[in-house]
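Comments concern the structure below.
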Amino acid sequence: MTTVPAGIAAQAAITQQNVALSVIKQNAQADQAIAAILAESAETVAAATRGNNVNIRV
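At position 53 of the sequence shown (counting the first as 1) the number is 39 in the numbering used here, and the numbers step up by one without a gap.
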């Protein structure tokens, strides 16, 4: 088995860390996009004129 020089190993570790941070960032951005969609949907439903007063009789 061959050993990897320290500089190459360090660069590989930095690259792996950068990839992991990129994935975390993309997940956070996706979560924010979903939250924005849900907030917009909630505002749209709240602003709707139909269905504000619902009388349920059994």
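Where a beta carbon is used, it is the ideal one built from N, C-alpha and C, also for glycine.
State the DSSP-derived secondary structure class of Ile42, mapped to helix, strand or coil.
Looking at Ile42 - three-state DSSP - the assignment turns out to be coil, as it is neither helix nor strand.
Let me know the secondary structure DSSP gives Thr(-12) once reduced to three states.
Of the three classes helix, strand and coil, the one that applies to Thr(-12) here is coil, per DSSP.
Between Val9 and Ala(-2), what straight-line distance do the alpha-carbon atoms span, to the nearest angstrom?
Distance between the alpha carbons of Val9 and Ala(-2): 17 Å.
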